[in-house]
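Chemist: Position in the sequence shown counted from 1, then plus 5, gives you the working numbering.
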Amino acid sequence: MKICQSTYHSDTWESVRIDEGFSSEKAQLVMVFGERKLFEQMDVYSKVRENFPKAEIVINSTAGEIFDAGVETQTIVVTGIEFEETIIKTTEINIKDTSESYQSACQIVEALQADDLVHIMVISDGGIVNGSALVRALNEHTASHVTVTGGLAGDDDRFEKTLVGLNSEPTEGKIIGIGFYGNKLRIGHGTMGGWDVFGPEREITKSQYNVLYTIGDKPALELYKEYLGKYAKDLPGAALLFPLSMRVDADAAPVVRTILSIDEKQQSMTFAGEIPKGALIRFMKANFDNLLDASSEAAENALQSLSFKPELAILISCVGRRLVLGYRTEEEVEAAREVFGPDTFITGFYSYGEISPLMAEAKCDLHNQTMTITTFTEI
Numbered sequence: 006m007k008i009c010q011s012t013y014h015s016d017t018w019e020s021v022r023i024d025e026g027f028s029s030e031k032a033q034l035v036m037v038f039g040e041r042k043l044f045e046q047m048d049v050y051s052k053v054r055e056n057f058p059k060a061e062i063v064i065n066s067t068a069g070e071i072f073d074a075g076v077e078t079q080t081i082v083v084t085g086i087e088f089e090e091t092i093i094k095t096t097e098i099n100i101k102d103t104s105e106s107y108q109s110a111c112q113i114v115e116a117l118q119a120d121d122l123v124h125i126m127v128i129s130d131g132g133i134v135n136g137s138a139l140v141r142a143l144n145e146h147t148a149s150h151v152t153v154t155g156g157l158a159g160d161d162d163r164f165e166k167t168l169v170g171l172n173s174e175p176t177e178g179k180i181i182g183i184g185f186y187g188n189k190l191r192i193g194h195g196t197m198g199g200w201d202v203f204g205p206e207r208e209i210t211k212s213q214y215n216v217l218y219t220i221g222d223k224p225a226l227e228l229y230k231e232y233l234g235k236y237a238k239d240l241p242g243a244a245l246l247f248p249l250s251m252r253v254d255a256d257a258a259p260v261v262r263t264i265l266s267i268d269e270k271q272q273s274m275t276f277a278g279e280i281p282k283g284a285l286i287r288f289m290k291a292n293f294d295n296l297l298d299a300s301s302e303a304a305e306n307a308l309q310s311l312s313f314k315p316e317l318a319i320l321i322s323c324v325g326r327r328l329v330l331g332y333r334t335e336e337e338v339e340a341a342r343e344v345f346g347p348d349t350f351i352t353g354f355y356s357y358g359e360i361s362p363l364m365a366e367a368k369c370d371l372h373n374q375t376m377t378i379t380t381f382t383e384i
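#1: Helix or strand or just coil, what does DSSP make of Y186?
#2: Using DSSP bridges, identify the partner residues of I8.
#3: If we ignore side chains and look at the alpha-carbon of each, how far apart do V151 and C111 end up?
#4: Under DSSP, the beta strand (DSSP E) around V44 begins and ends at which residues?
#5: According to DSSP, V153 sits in a beta bridge with which residue or residues?
#6: Under the DSSP definition of a beta bridge, which residues are partnered with M289?
#7: For G69 and E115, I'd like the C-alpha separation in whole angstroms.
#8: Is R326 helix, strand or coil by DSSP?
#9: For the candidate residues T84, Q272 and I209, whose alpha-carbon lies nearest to that of P224?
#10: What runs of the beta strand (DSSP E), each 3 residues or longer, lie entirely inside the segment 215 to 242?
#11: In the structure shown, what three-state DSSP assignment does E343 receive?
#12: Return the bridge partner residues of Q213 from the DSSP annotation.
#13: Under DSSP, the beta strand (DSSP E) around K94 begins and ends at which residues?
#14: Would you list the one or two residues that DSSP bridges to P362?
#15: Alpha carbon to alpha carbon, how far is N373 from L308? Give it in angstroms, no decimals.
#16: From what residue to what residue does the beta strand (DSSP E) around E19 run?
#17: Quick check on this structure: which residue in I113, W200, R327 and Y186 has the alpha carbon closest to the alpha carbon of N295?
#18: Are the beta-carbon atoms of M251 and I280 separated by less than 8 Å?
#19: At a Cβ threshold of 8 Å, is K314 touching chain D?
#20: Can you say whether G178 is buried or exposed, counting buried as having 16 or more other CB atoms within 10 angstroms of its CB?
#21: According to DSSP, simplified to helix, strand and coil, what is L34?
#22: Compute the beta-carbon to beta-carbon distance between E316 and T349, rounded to the nearest angstrom, for a pair I have assumed lies under 8 Å.
#23: Relative to the C-alpha of S106, which candidate in E30, L139 and E97 has its C-alpha closest?
#24: Counting beta carbon pairs with one atom in the segment 313 to 329 and one in the segment 228 to 237, are three or more of them shorter than 8 Å?
#25: In terms of alpha-carbon separation, which member of P362, L371 and F354 lies closest to D73?
#26: On the DSSP letters alone, give me the boundaries of the beta strand (DSSP E) that K383 sits inside.
#27: Between G182 and L371, which are expected to be in contact by the criterion C-beta below 8 Å, what is the C-beta distance as a whole number of angstroms?
#28: Rounding to the nearest angstrom, what Cα-Cα distance links L168 and F313 in this structure?
#29: Taking the straight line between their C-alpha atoms, what separation do you get for T379 and I8?
#30: For the alpha helix (DSSP H) holding S137, just list the boundary residues, first then last.
The structure is reproduced here in structure tokens:
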């Protein structure tokens, strides 16, 4: 595997790092992560296509761009990959409504299915798509040996619209699947949150998709405010500091759900992901040191199946983490860099949802407020 990286910043394209012998003519896959408004102002796809005439080009808007050991905004990061033994295939689905998410994911798996498929990376619209339904379909229709990771596109902290494109300029409502084929590719994955839980576990008694109405016998927002205490006056902004831990049932592993908005009239809360009736939830709070340690743990987990450092690491972290960590955001990327060492190429983005298994040999989940890492190495 050979890799090159370039960036667009302050009206200038710059080639930053390139492996010896890399050929843009032979690159099979290019990942382009960047600021949504730049995509709307520029013909980014046309520019990238000039440099990579034969590659599958995947583009998505972000809530922050990850490059090397840093985090940027208002930039575009381009990563070209030339595989030596691995075959790449891509597919794209357009959706207009949230209800189409499940069937669209089924179509993606069907289009990519093959005996030598080893991994699927999903890059999805982050505004229209129901990420929970997307993940459910991926789990139900992929073979047990096929790992699935990815993320939902972002739009900084505006939450207006997200853009995704495959071999075209990016637009709203697209879901892209990237299939990796062959026996020479080694995939690692890790995901960690680092949030502290507090209070007893409670049952969701009324909800609809991602809107939570009641917990136990109380309106959800009323109970949430009781637990927030003095921080309740700072809602809805304070919600980023206090996400929920959710288990879909008593036997399930917990995932984190970010609160996007609150409704004072209905005393409800809207989340970045499905929050079903009957699920069990606990309140969580930010612990800055634990959030940063979680990035190291995610990187370590991604290395568990490898006896060597990866050639490429794609980091997908949550916009909520970026907003909570503030000026310390780069520290979580630096923590991953320390684990991987100087030779691994690092790219990625801040997202509206992360897709990854919680542990080795598990099916994927939709996460919020996590650092999720996928590593790629050819042997």
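Backbone N, C-alpha and C define an ideal beta-carbon position, used for all residues, glycine too.
Only a predicted model underlies this, so the values are computations on that prediction, with no experimental measurement involved.
Modeler: Taking the definition as stated:
#1: On the sequence shown, residue 186 is found 181 positions in, with the first residue counted as 1. DSSP places Y186 in the strand class (E or B) of the three-state scheme.
#2: Stepping through the sequence shown from its first residue, residue 8 is reached at position 3. Paired residues: I86.
#3: Numbered from its first residue, the sequence shown carries residue 151 at position 146. Numbered from its first residue, the sequence shown carries residue 111 at position 106. For V151 and C111, the gap between their C-alpha atoms comes out near 15 Å.
#4: Numbered from 1 along the sequence shown, position 39 holds the residue referred to as residue 44. At residue 44 the sequence reads Phe, which differs from the Val that was named. Premise fails: F44 lies in the alpha helix (DSSP H), R41 to Q46, not in any beta strand (DSSP E).
#5: Locating residue 153 in the sequence shown gives position 148, counting from the first residue. Answer is I125, bridged to V153.
#6: Working through the sequence shown from its first residue, we reach residue 289 at position 284. The partner list for M289 (beta bridge, DSSP) reads V202.
#7: Position 64 of the sequence shown, counted from the first residue, corresponds to residue 69. Position 110 of the sequence shown, counted from the first residue, corresponds to residue 115. Approximately 32 Å between the Cα atoms of the pair.
#8: As a first step, residue 326 must be located in the sequence shown, where it is residue number 321. For R326, the secondary structure class from DSSP, reduced to helix, strand or coil, is helix.
#9: Here residue 224 corresponds to residue number 219 of the sequence shown, with the count starting at 1. Closest in C-alpha terms to P224, from the list T84, Q272 and I209, comes Q272.
#10: DSSP runs (the beta strand (DSSP E)) wholly in the segment 215 to 242: 216 to 220.
#11: Within the sequence shown, the letter at position 338 stands for residue 343. It is helical.
#12: Residue mapping note: residue 213 aligns to position 208 of the sequence shown, counting from 1. In the DSSP assignment, Q213 forms a beta bridge with V216.
#13: By 1-based counting over the sequence shown, the position of residue 94 is 89. Unbroken beta strand (DSSP E) run through K94: I92 to N99.
#14: Residue 362 sits at position 357 when you count from the first residue of the sequence shown. Answer is C369, bridged to P362.
#15: Residue 308 sits at position 303 when you count from the first residue of the sequence shown. Residue 373 sits at position 368 when you count from the first residue of the sequence shown. Distance between the alpha carbons of L308 and N373 is about 22 Å.
#16: Position 14 of the sequence shown, counted from the first residue, corresponds to residue 19. Note, E19: beta strand (DSSP E), T17 to I23.
#17: Working through the sequence shown from its first residue, we reach residue 295 at position 290. Relative to the Cα of N295, the nearest Cα in the group I113, W200, R327 and Y186 belongs to W200.
#18: Translated into the one-based positions of the sequence shown, residue 251 becomes position 246. Translated into the one-based positions of the sequence shown, residue 280 becomes position 275. Between M251 and I280, the CB-CB gap stays under 8 Å.
#19: Absent from the structure is chain D; it holds one protein chain and no more.
#20: Numbered from 1 along the sequence shown, position 173 holds the residue referred to as residue 178. Label assigned to G178: buried.
#21: Sequence index remark: in the sequence shown, residue 34 carries index 29 (1-based). For L34, the three-state secondary structure derived from DSSP is strand.
#22: Numbered from 1 along the sequence shown, position 311 holds the residue referred to as residue 316. Numbered from 1 along the sequence shown, position 344 holds the residue referred to as residue 349. Correct: roughly 7 Å between the Cβ atoms.
#23: As a working note, residue 106 is residue 101 in the sequence shown. Comparing alpha-carbon positions, the option among E30, L139 and E97 lying closest to S106 turns out to be L139.
#24: The segment 228 to 237 is not in contact with the segment 313 to 329.
#25: For the purposes of this step, residue 73 is taken as the residue at position 68 of the sequence shown. If we check each option's Cα against that of D73, F354 comes out closest.
#26: Within the sequence shown, residue 383 is the residue found at index 378, counting from 1. Checking the sequence shown, residue 383 turns out to be Glu, not Lys. Run containing E383: M376 to E383, per the beta strand (DSSP E) assignment.
#27: Here residue 182 refers to the residue found at position 177 when the sequence shown is read from its first residue. Here residue 371 refers to the residue found at position 366 when the sequence shown is read from its first residue. The Cβ separation is near 16 Å, so there is no contact.
#28: Position 163 of the sequence shown, counted from the start, is the residue given in the question as residue 168. Position 308 of the sequence shown, counted from the start, is the residue given in the question as residue 313. When rounded, the distance between both Cα atoms is 35 Å.
#29: Within the sequence shown, residue 379 is the residue found at index 374, counting from 1. Within the sequence shown, residue 8 is the residue found at index 3, counting from 1. Their backbone Cα atoms lie some 16 Å apart in a straight line.
#30: Numbered from its first residue, the sequence shown carries residue 137 at position 132. In this chain, the alpha helix (DSSP H) harbouring S137 covers G136 to H146.
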